[in-house]
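The structure appears below as structure tokens.
Numbering (the working numbering), first residue to last: 301 to 595.
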């Protein structure tokens, strides 16, 4: 736990107003288990370290700007999660490792040392996560914090975009030990539902993942991949996509091709950002604050 307390609800809303960010409440009502303390965490996604191109003329600057902003928060988050695509894809295994080494050095500048990372397809699909595991450890795992069970899923190491039978069995075994009312937060890279499969915005066996999660009353999913804020529900399960730190992508089906949104010199860093998630206990409520990348 950090030495400074997490901001209370009023402080959190004041932070959002000061930053010009939007706050969205995501409820997990009726939780009866013994709660822990209030806390908050930060989500960063789609860093694409190594990318170069006109959609972001400050390609090596946006991640350091986000890290500086997180370090400057008035109260440190309990942990930071990175929901994939830490690096931009490359066919060269040596260059892939060079980019991972560089992004790891950037991440090490964070003052909060409790971090959870997972790969995106740019990190893992060409070598089934081999290089990612060398630098960052397992591609799927669980952890618990203040009474909340967190599950990190890997739906990118398989080049076909599947979670896969072995990981589905692992998930089922993990869930089997939890009461049905347990608060569960899932982190993954691709959406688990069919947002827009034509643009690879889906998981081939995502329906099987959701089928295993469905019996649990209080589930929230945070993901990346689509480079924009997006909120969706599959039954009682809430899904929240995060913005990218490299370039935004257009809304699903809004144009024929999935092309990055052009850089707007008049409004630099538009569409880029990161997220704070404030967790209020008893009953559990999640308040999402979207934070922009500041010039």
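Where is the CB? At the ideal position from N, CA and C, for every residue including glycine. For clarity, every value in this text was computed on a predicted model and none was experimentally measured.
State the Cα-Cα distance for the pair residue 342 and residue 379, rounded to the nearest angstrom.
7 Å
Do residue 463 and residue 596 count as a contact pair if the criterion is CB distance below 8 Å?
Lying before the first or after the last residue shown, residue 596 is absent from the chain, which here runs from 301 to 595.
Taking the continuous beta strand (DSSP E) assigned at residue 585, which residues delimit it?
585-592
Could you tell me which of 550, 374 and 406 sits nearest to residue 360, measuring between CA atoms?
406
Can you give the Cα-Cα distance for residue 353 and residue 388, rounded to whole angstroms?
12 Å
C-alpha distance - residue 376 paired with residue 588, whole-angstrom precision
16 Å
Reduced DSSP secondary structure (H/G/I, E/B, other) of residue 561:
coil
Residue 468 (DSSP reduced to helix, strand or coil)
helix
Whose C-alpha, out of 568, 427 and 362, is nearest the C-alpha of residue 394?
427
Could you check whether the region 523-540 touches the region 481-492, counting it as contact only if at least three pairs of C-beta atoms, one from each stretch, sit closer than 8 Å?
yes
For my contact list, residue 496 and residue 553 are in at a C-beta cut-off of 8 Å; report their separation, rounded to the angstrom.
6 Å
Out of 559, 482 and 392, which one is the CA nearest neighbour of residue 582?
482
Are the CB atoms of residue 374 and residue 425 nearer to each other than 8 Å?
no
Shortest alpha-carbon distance to residue 369 belongs to which of 439, 401 and 575?
575
Residue from 470, 567 and 447 whose Cα sits closest to the Cα of residue 454
470
Can you look up residue 526 in the DSSP assignment and give me helix, strand or coil?
coil
I need the DSSP call for residue 339, collapsed to helix, strand or coil.
strand
Quick check on residue 506: does DSSP put it in helix, strand or coil?
helix
Inter-residue spacing [alpha-carbon to alpha-carbon] between residue 546 and residue 529:
14 Å
What residues match up with residue 483 in a beta bridge as DSSP calls it?
518
Note down the Cα distance separating residue 448 from residue 414, rounded to an integer number of angstroms.
16 Å
For residue 432, collect the residues of the same chain with a Cβ closer than 6 Å to its Cβ; drop the 5 residues on either side in sequence, then sort them by chain order.
419, 423 and 424
By how many angstroms is the C-alpha of residue 508 removed from the C-alpha of residue 560?
30 Å
Do you know whose CA, among 399, 466, 456 and 564, lies nearest residue 435's CA?
399
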